[in-house]
Amino acid sequence: MELLGKTRIDFIGMRNISFIISAIISIIGIIGVIQVGRGAANMGIDFSGGTAMQLKFSKPISIADARVALHKNGIAKADLQEIKDGNKLLVKMAGAAVGKPSEMVQTAFKKEFADNAFTVESSTEIGPSIGDKLRKDTLVASVLAMLGIILYIAWRFDFKFGVGATLATMHDCLAMFAVFYLMNKEINLLFITAVLTIAGYSLTDTVVVFDRIRENLHKNLKGAMNTIFNDSINEVLSRTIVTSLTVFLAAASLFLFGGEVIHDFSLALLIGVLVGTYSSVFVASPIVAILENRALVNKPKVA
Amino acid sequence: MPKETGWRISLIAAFVVLSFLYLTPTLASKLPSWWGTFLPKDKIHLGLDLQGGTHLVMEVDTQKAIEGSLDLVATDLEDTLNSKSLRFKRITRSGSDKVTVVVYEKGTADTVLKLIKDKYPAYEQSPTFDEGGFVAMTLRVNEKDAQDRKDKAVQQALETIRNRIDQFGVSEPTIQREGINHIVVQLPGIKDPQRAIDLIGRTARLDFKMVREDISPTSGTIPDDAELLKEKTVDPTTGAVSEIPIVVQKKPMITGDLLTDAQVRIDSQFNQPYVAIEFNSLGAKLFDQVTAANVGKRFAIVLDNNIHSAPVIRERISGGSAQISGSFTEKTASDLAIVLRAGALPAPVKIIQNVTVGPSLGQDSINKGLYAGLIGVLLVVIFMAVYYKLSGLIADFGMILNILYLMGALSALGATLTLPGIAAIVLLVGMSVDSNVIIFERIREELKLGKSPKSALDAGYDKAFLTIMDSHITTLITAAVLFQFGTGPVKGFAVSLSLGVIINLFTSLIGTKVAFDLLLHNGKVKKMSI
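Protein chains in written order, with numbering that gives the first Met the number 0: chain Y, 0 to 302; chain U, 0 to 529.
(1) Measuring CA to CA, which of 199(Y), 120(Y) and 108(Y) is closest to residue 478(U)?
(2) What does a CB cutoff of less than 7 angstroms around residue 286(Y) pick up in its chain, not counting 5 residues either side in sequence?
(3) Measure the C-alpha to C-alpha separation of residue 197(U) and residue 325(U) and round it to an integer number of angstroms.
(4) Starting from residue 161(Y), find everything on chain U with Cβ-Cβ shorter than 8 angstroms and list it in chain order.
(5) Whole-angstrom Cβ separation of residue 188(Y) and residue 9(Y), contact assumed at under 8 angstroms?
(6) So residue 339(U) packs on residue 258(U), CB below 8 angstroms; how close in whole Å?
(7) Count the other CB atoms within 10 Å of the CB of residue 17(Y); is the residue buried (16 or more) or exposed (fewer)?
(8) Could you check what DSSP says for residue 416(U) in three-state terms: helix, strand or coil?
(9) Please name the residue, chosen from 456(U), 184(U), 515(U) and 200(U), that lies closest to residue 7(U) on a Cα-to-Cα basis.
(10) In chain Y, what lies closer than 7 angstroms to residue 378(U) by C-beta?
(11) With a 10 Å radius around its C-beta and 16 neighbouring C-beta atoms as the bar for buried, classify residue 84(Y) as buried or exposed.
(12) Can you find a C-beta in chain Y that's less than 9 angstroms from the C-beta of residue 84(U)?
(13) Ordered along the chain, which non-local residues of its own chain (more than five positions away) have a Cβ less than 8 angstroms from that of residue 154(U)?
(14) For the region 224 to 292 of chain U, which segments carrying the beta strand (DSSP E) assignment without a break, of at least 3 residues, lie completely within its bounds, in sequence order?
(15) Tell me, to the nearest whole angstrom, how far the beta carbon of residue 452(U) is from that of residue 383(U); I am working on the premise that it is less than 8 angstroms.
(16) Taking Cβ-Cβ distances below 7 angstroms as the criterion, which residues of the region 181 to 213 of chain Y are in contact with chain U?
(17) In chain order, what residues of the same chain have a beta carbon less than 8 angstroms from the beta carbon of residue 81(U), not counting five sequence neighbours either side?
(18) For residue 491(U), which residues in the same chain have their Cβ closer than 7 angstroms to its Cβ, ignoring the five residues on either side in sequence?
(19) Does any CB atom of chain U fall closer than 9 angstroms to the CB of residue 268(Y)?
(20) Can you tell me which of the three DSSP states residue 51(Y) falls into?
(21) Give me the Cβ distance between residue 350(U) and residue 485(U), rounded to the nearest whole Å; I'm assuming they're in contact under 8 angstroms.
(22) Give me the Cα-Cα distance between residue 14(Y) and residue 230(Y), rounded to the nearest whole angstrom.
(23) What does the Cβ neighbour count give for residue 36(U), buried or exposed, with the cut at 16 atoms within 10 Å?
(24) With 9 angstroms as the threshold, decide whether the Cβ of residue 349(U) is near any Cβ in chain Y.
(25) Quick check: the Cα distance between residue 93(U) and residue 99(U), rounded to an integer number of angstroms?
(26) Quick check on the DSSP output: the alpha helix (DSSP H) that includes residue 52(U) runs from which residue to which?
(27) Quick one: what does DSSP say residue 128(U) is sitting in, helix, strand or coil?
(28) Using the beta-carbon count (16 or more within 10 Å), is residue 9(U) buried or exposed?
(29) Could you please give me the residues that DSSP links to residue 139(U) through a beta bridge?
(30) Can you check DSSP and say which residues form a bridge with residue 92(Y)?
(31) Expressed to the nearest angstrom, what Euclidean distance is found between the alpha-carbon atoms of residue 113(U) and residue 121(U)?
(32) Taking a contact to mean a Cβ-Cβ separation below 9 angstroms, would you say residue 318(Y) touches residue 54(Y) in this structure?
(33) Within its chain, find whatever has a CB closer than 8 angstroms to the CB of residue 525(U); leave out the 5 residues flanking it on each side and keep chain order.
(34) What does residue 59(U) reach in chain Y if we use C-beta pairs closer than 9 angstroms?
(35) Could you tell me the distance, in whole angstroms, from the CA atom of residue 61(U) to the CA atom of residue 69(U)?
(36) Considering only the beta carbon of each residue, do residue 28(U) and residue 407(U) sit closer than 9 angstroms?
Written out as structure tokens, the structure reads:
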């Protein structure tokens with residue numbers, strides 16, 4: 000079976016549109032990263048410090064009631080989120096000290112909802128010093144991971160391909176930030192893990208495409224640069240799609256059935272796989288094509 | 000059978016057998032007793048997020064340990080000068096690293112200076128200076144000693160916490176030092192986390208101090224050698240907490256480190272639990288002396304700077320046993336006995352991270368993770384079989400091998416499986432067939448060029464090799480970094496991911512190739528099912 004027969008799509012010709020789309024995504028992503036850096040985005044308590052609790056009530060509970068109950072008992076600032084499945088409530092309080100807030104929440108709910116018993120399914124309390132350390136560690140980890148990948152690409156490919164692959168990888172990471180920022184999803188350690196995983200993974204597709212472009216460049220030195228690039232991408236298009244599809248299927252089952260703990264994590268992976276596939280065709284390759292074309296134009300002048 | 004296939008098959012089979020061997024302890028609920036003697040016993044541990052439990056990070060306030068030891072030096076100096084009849088105005092700890100001695104005249108100062116030099120050679124001594132008409136000098140802890148003492152304090156805190164946890168009774172706890180002054184405690188499957196946290200985090204410094212009846216707690220000015228503490232009492236019927244301020248002598252008569260034992264007893268008269276304590280010989284002697292000299296006066300039992308009770312000494316108590324009574328429940332009495340037995344922490348600890356997962360959520364996560372994994376595997380298996388027919392099934396076989404080997408390896412390493420770890424395995428299901436997809440697509444191309452199945456197969460594997468290596472290495476780089484920096488769940492993710500990626504190289508390049516070689520080796524196959 001084949002998903003696609005022989006295709007003849009002019010990918011490089013679409014670069015004006017794709018670059019505009021990618022630029023918009025990247026700019027939103029950069030804004031997201033800046034907001035994260037300023038701590039203004041929806042930060043997980045593992046970075047900001049604070050308390051997060053997951054409570055399971057015996058009867059349905061409305062967020063509005065819960066908020067009023069907390070307010071009455073002196074907890075003014077809390078993020079509440081409802082998990083539909085099984086009367087669960089997430090309570091998040093940023094920047095608070097360890098110990099006290101979790102007790103206050105429990106006392107408040109016990110008092111206000113005397114007829115609706117609850118159990119604490121999980122609670123996470125993180126002091127500000129841990130949050131700081133984790134933020135620094137994560138930054139170092141992200142820089143190291145990106146550096147490692149860039150070094151590997153630089154060693155495996157020549158400069159022009161290296162630039163394309165690196166930009167595409169960054170584009171993918173930024174896109175994940177952009178989507179999470181726009182959806183106001185929580186930026187936590189698991190999200191960063193997903194981003195770094197995708198940074199490693201998205202190269203797979205890029206490498207598949209690049210290997211073929213390089214092969215065809217060696218075989219055919221006379222043809223027009225854009226034609227060689229387009230032919231190469233079309234030749235490997237079905238494997239680009241199929242490899243992404245298999246990972247997409249796995250990530251989708253995590254997203255749909257994996258439970259609330261890894262729900263956002265798998266969402267990030269899904270976005271990453273999609274964007275990673277798009278970027279190897281629409282970002283990485285056109286960039287290399289432009290660089291190769293420019294090199295071709297410049298050559299006679301030098302000679 | 001074609002050449003070179005034999006050893007590959009043996010290798011694959013050997014790994015399968017090994018994986019099952021290593022997996023047995025994880026899967027079997029009970030192993031025969033002979034198993035452990037010559038077969039692997041390690042198994043995959045479940046992370047706290049899966050089995051429920053508490054993960055604590057505590058920070059030891061090491062500065063307080065230094066201050067504590069300086070307080071001791073000050074007391075000791077006081078005693079020494081008193082015994083030598085050297086008159087001094089005051090000896091106190093000043094700031095966080097100094098003891099200041101103030102005497103009345105230059106002559107005494109010189110003697111004290113010499114005495115200090117002999118007695119505390121490790122301290123940096125200042126020359127004498129004038130302080131409001133008196134002669135003063137300071138002793139300062141040097142930087143290296145301070146570091147040593149801090150280090151010891153953390154070590155000692157770790158031991159004390161370990162002791163307390165052992166006595167509290169938690170199965171398979173993990174207690175580790177992390178960094179300079181952090182202690183990480185993991186308590187899997189714990190039922191009452193708050194009680195355990197209170198027990199571990201308590202400094203449990205026990206002091207017996209004389210009550211200064213001569214100073215009114217409301218007077219506002221309290222002399223240097225006394226301090227204002229509070230006695231908290233809870234009304235058993237209303238639950239109302241009341242605080243009574245009491246002024247006590249700053250210097251304790253007896254301290255908790257002279258205890259040898261502490262046990263919970265029940266008062267036969269009022270059926271109330273109390274804690275019976277037992278002093279060592281020095282403690283017993285001191286206790287005897289103090290009680291003999293102060294009959295009719297009150298002394299305060301001070302726990303972590305809160306007065307637990309302040310009874311009147313009715314008679315001289317010799318024999319070295321005493322009791323701490325008060326409004327105890329059986330639990331609070333037994334917890335107090337544990338902390339007194341295990342000893343005080345050398346410095347206060349602060350809980351800076353507390354992650355607690357209830358057992359029901361853990362079980363829920365396991366179920367959902369496994370369910371998602373199963374569906375992920377099914378989707379990929381079906382897709383591959385439909386899209387690549389027989390070859391797809393071979394890739395599926397490679398993927399199953401991959402999962403089996405990975406589980407075997409995790410168990411051999413005694414690794415900890417977390418929910419993100421399960422997610423990594425599910426993700427690997429998708430990634431592990433990718434290598435084969437790349438190979439198969441190449442084979443399809445070669446077949447289109449009119450090559451025979453056998454040579455198309457070889458060309459496919461050859462040409463795809465580098466591409467596959469690239470994609471694996473980049474994933475490995477990020478997995479390694481995540482492993483280095485990640486904690487808990489993220490580390491579990493990195494372990495599963497990196498092992499899986501390495502194993503995948505073997506299963507996709509060697510495992511599936513063998514299956515194809517067996518299929519095509521006699522050259523009779525005219526058409527490849529791909």
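Ideal placement from N, C-alpha and C gives every residue a C-beta, glycine not left out.
Considering the structure as presented:
(1) 199(Y)
(2) The beta carbon of residue 286(Y) sits closer than 7 angstroms to those of 162, 163 and 166, all from its chain and outside the five residues before and after it, given in chain order.
(3) 19 angstroms
(4) The premise fails here: residue 161(Y) is roughly 13 angstroms from chain U at the closest Cβ pair, so nothing lies under 8 angstroms.
(5) Not a contact, Cβ separation roughly 42 angstroms.
(6) 6 angstroms
(7) buried
(8) strand
(9) 515(U)
(10) Within 7 angstroms Cβ-Cβ: 248 and 252.
(11) Classification of residue 84(Y): exposed, given that the 10 Å Cβ count is below 16.
(12) no
(13) 176
(14) 225 to 233, 240 to 248, 258 to 265 and 272 to 278
(15) That pair is no contact at about 19 angstroms.
(16) 188, 189, 192, 195, 196, 198, 199, 200, 202, 203, 206, 207 and 210
(17) Around residue 81(U): no qualifying Cβ.
(18) 46, 415, 416, 417, 419 and 420
(19) yes
(20) strand
(21) About 22 angstroms separates the two Cβ atoms, so there is no contact after all.
(22) Between the alpha carbons of residue 14(Y) and residue 230(Y) lies a distance of about 15 angstroms.
(23) It is exposed - the Cβ of residue 36(U) has fewer than 16 other Cβ atoms within 10 Å.
(24) yes
(25) Roughly 6 angstroms separates the two Cα atoms.
(26) Run containing residue 52(U): none in the alpha helix (DSSP H); it sits in the beta strand (DSSP E), 52 to 59.
(27) strand
(28) exposed
(29) 97(U) and 123(U)
(30) 50(Y)
(31) 14 angstroms
(32) Absent from the model: residue 318(Y). The displayed extent of chain Y is 0 to 302, so no value can be given.
(33) 452
(34) Per Cβ cutoff of 9 angstroms: no residues; residue 59(U) is ~13 angstroms from chain Y at best.
(35) If you draw a straight line from the Cα of residue 61(U) to the Cα of residue 69(U), it is about 13 angstroms long.
(36) no
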